Amino acid sequence: MSLFSSTTQSLPETGSIPHHVAIIMDGNGRWAKKRFLPRVAGHKVGVETVRTVIKACSERGIEYLTLFAFSSENWRRPPEEVSFLMGLFMRALEEEVAKLHNNGIRLRIVGDLSRFEPKLVDMIRRGEALTAANQRLTLTIAANYGGRWDILQAIERMLAAQPDKRSNFQEADFAPHLAMAYAPEPDLFIRTGGEQRISNFLLWQLAYTEFYFTDLLWPEFDAAVLDAAIASYHSRERRFGRTSEQLNIDREPKTVPISTAVSRPGQDA
Ligand code: IPE
Ligand code: IPE
Ligand code: MG
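Take any residue in the sequence shown, note its place counting from 1, add 3, and you have its number in the numbering used here.
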């Protein structure tokens, strides 16, 4: 029952508005430091930005928004900061889930939940269940997420699903077991805070995603910066391996198998 689609196997539909935006929300600590505040003050303001961005994405018709909230490597931070972040996450769930639900937003959390307190896991599961049928926007929070963790857990689940299979694995065997198999691959990736790296975010899924980096710190991000990122996305030519000339004769409005897409003589431009 999976809606398997892959940017390396077929040509995705690329509209003017990205279907899926994935964001590394970076720079909270530096934002606070610049103001002589403790780092955690930046995280607190960062939650406000999350609210703003969810609303802006929803208004713009973006269908999937994925936010990197806590990486599998963030446990290496000072214990006080880690526990502040956990508390903030818990409080945000407490305060926001009903509002998300009223706004037609489906909430999903991806990551290794086994390290979280049972109470937090319970809140996550209840929030996901409450909002499961909503269709306006799917909001995914990546928490204790790592791209390598995701690939490894998907391999395990793939092998368990086909215990007799030993070789010749295809993307379609593997990708449905990734944590975000319910979503198309991101069209647009945004990272605030000036660093130009993936930091173990969605490694598999970013294969053909357009990247947008801004020096603005996460608490400074707003709807106008989102619009700038979308405008930049708009100006890109997404070729998925083909040549520019091919795109001009072979504009594909829909997802088509790559075998059909490579030779389509007689198709009008
Ligand atoms: C991003 O901001 C939030 C998390 C990683 C939880 P940072 O806390 O990484 O802020 P900087 O990069 O230190 O400024
Ligand atoms: C990436 O930010 C993770 C999140 C935003 C949750 P980091 O601040 O942890 O990334 P690095 O350590 O600078 O690569
Ligand atoms: Mg950082």
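We put the CB at the ideal spot given by N, CA and C, even for glycine. These numbers were taken from a predicted model, which means no experiment stands behind them.
8 Å contact criterion, which residue i and residue j should meet: CB distance rounded
i	j	result
A146	A72	5 Å
R151	L206	7 Å
E174	Y211	So it is not a contact: roughly 13 Å between Cβ atoms.
W221	G30	5 Å
S55	L103	Rather than Ser, the amino acid found at residue 55 in this sequence is Thr. Actually they do not touch by this definition, with Cβ atoms about 14 Å apart.
L181	A157	5 Å
F172	T10	The Cβ separation is near 18 Å, so there is no contact.
W34	E223	7 Å
6 Å CB neighbourhood of residue i in its chain, flanking five on each side removed
i	result
Y215	I193, A232 and S235
E213	L191, Y236 and R239
Y148	V113 and G114
T263	Because T263 sits at a pLDDT of 49, beneath the cut-off of 50, its placement in the model cannot be relied upon, and the following sentence gives the value as read from the coordinates. Same-chain partners within the cutoff: there are none.
G196	D29, G30 and L220
G32	R42 and G45
V53	none
D176	M161
Contacting residues, own chain, Cβ-Cβ under 7 Å from residue i (five flanking each side not counted)
i	result
E51	none
A59	A226 and L229
S266	Model confidence at S266 stands at a pLDDT of 44, short of 50, so the residue's coordinates are unreliable; what they give is reported in the following sentence. Nothing meets the Cβ criterion.
I144	L70, A72 and I112
S74	Y148, G149, S202 and N203
D218	G197
Reduced DSSP category for residue i - H, G, I as helix; E, B as strand; rest coil
i	result
I252	helix
S9	coil
Y148	strand
A178	helix
H186	Residue identity differs from the one stated: residue 186 is Ala in this sequence, not His. Correct three-state label for A186: coil.
R169	coil
I26	strand
I193	strand
S74	strand
L40	coil
T134	helix
T17	coil
Proximity of residue i and residue j at Cβ, strictly below 8 Å
i	j	result
V43	F87	yes
L68	L140	yes
V85	G130	no
L142	I127	no
8 Å CB neighbourhood of residue i in its chain, flanking five on each side removed
i	result
Q138	G107 and R109
S247	E240
I65	I20, P21, H22, H23, V24 and L140
A136	R109
Completely contained alpha helix (DSSP H) runs for the segment 76-125, where each covers 4 or more residues: 82-105
Complete alpha helix (DSSP H) runs within the segment 196-256 (minimum length 4 residues, chain order): 226-237 and 247-252
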